[in-house]
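Under our numbering, think of the first position of the sequence shown as 126, with each following residue one higher.
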Amino acid sequence: MSERTPDPHGERATDNPDSIDLCRIIDQSVAQLWETVESLERLQPRNLQRFRVSVFGSSRVPPESPLFNDVKEMTRRLSAAGCDLVTGGGAGLMQAANEGATNGQLSTPASGDLPIRLIEGHTKAPFVEKVYRHRTFFTRLHHFVRLSSAFIVLPGGIGTTLEAMMIWQLLQVEHLPSTPFLLYGDHWNGLLQWVEETMVDNHYADRRDLSLPTVVTTVDEVVEVILMDFEHFQANNPAGTGNSVR
126 MSERTPDPHG ERATDNPDSI DLCRIIDQSV AQLWETVESL ERLQPRNLQR FRVSVFGSSR
186 VPPESPLFND VKEMTRRLSA AGCDLVTGGG AGLMQAANEG ATNGQLSTPA SGDLPIRLIE
246 GHTKAPFVEK VYRHRTFFTR LHHFVRLSSA FIVLPGGIGT TLEAMMIWQL LQVEHLPSTP
306 FLLYGDHWNG LLQWVEETMV DNHYADRRDL SLPTVVTTVD EVVEVILMDF EHFQANNPAG
366 TGNSVR
């Protein structure tokens, strides 16, 4: 007599067949939901009406840090020039980015509203004009991509690295058009060296992939690169200038 083939769902197959049906229904529903999202993406391609800059970075940097003040100055200048700022909210460098964007908005009539914030949960924070709440990290990252014309990656940990690598990969496979993707500071040198020596040298990635991020080490460099792209955006989207949030 042959042995019974184990069911992938374990004991639930014999003890509670209804639970298996429920699991299958949930799995199928999730798959159908993602198909719907992909269909909507095709129907409504990424057509940006505003020039928005997403800022990623650590939530652990204290306000007295020089980096905190550099980020405030960076986003102040971008906001004053008319760029929208998009952050994940929270403390540390996200707080610095939001504060700087608010200061830029207050300092010049060329700018409009406060930064957009994509968050998980129900946390509130000052210096934010518009909040989108997400229950999962994955939908939040997807929303960053949908909103943004440029990306600045500040020093950070695993979460910031995940965000950076997702943008990098989308640029690699051309799911994003040519977009400013800035890695700020010497913090990222080790990652870039690892990608070159472990991925590129072993033919897991192309050498041209190393040119997708731009390493910048000063606030002036960040502002110069972003505003150069902003000017190009304005030239091609004369009705989509300024930085009010829509």
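Note that the Cβ used here is the ideal one computed from N, Cα and C, for glycine as well.
Fair warning: this is a prediction, and the values are worked out from it, not measured in the lab.
Query, Result
"Where Asp-331 falls: helix, strand or coil (DSSP)", "coil"
"Rounded Cβ spacing between Gly-217 and Glu-198 (contact assumed at less than 8 angstroms)", "Their Cβ separation, rounded to whole angstroms, is 16 angstroms, which puts Gly-217 and Glu-198 out of contact at 8 angstroms."
"Val-350, enclosing alpha helix (DSSP H) - first and last residue", "344-361"
"Assigned secondary structure, Thr-304 (DSSP; H/G/I helix, E/B strand, else coil)", "coil"
"Own chain residues within Cβ distance below 6 angstroms of Phe-276, not counting five before or after", "Ser-179, Ile-292 and Phe-306"
"For Ala-222, three-class secondary structure by DSSP", "helix"
"Residue burial classification, Glu-299 (beta-carbon count within 10 angstroms, cutoff 16)", "exposed"
"Cut-off 6 angstroms between Cβ atoms - residues of its own chain near Ala-289, not counting five sequence neighbours on either side", "Val-278"
"Reference His-357, options Gln-318, Glu-322 and Ser-303, closest by Cα", "Ser-303"
"C-alpha gap between Pro-188 and Glu-160, whole angstroms", "43 angstroms"
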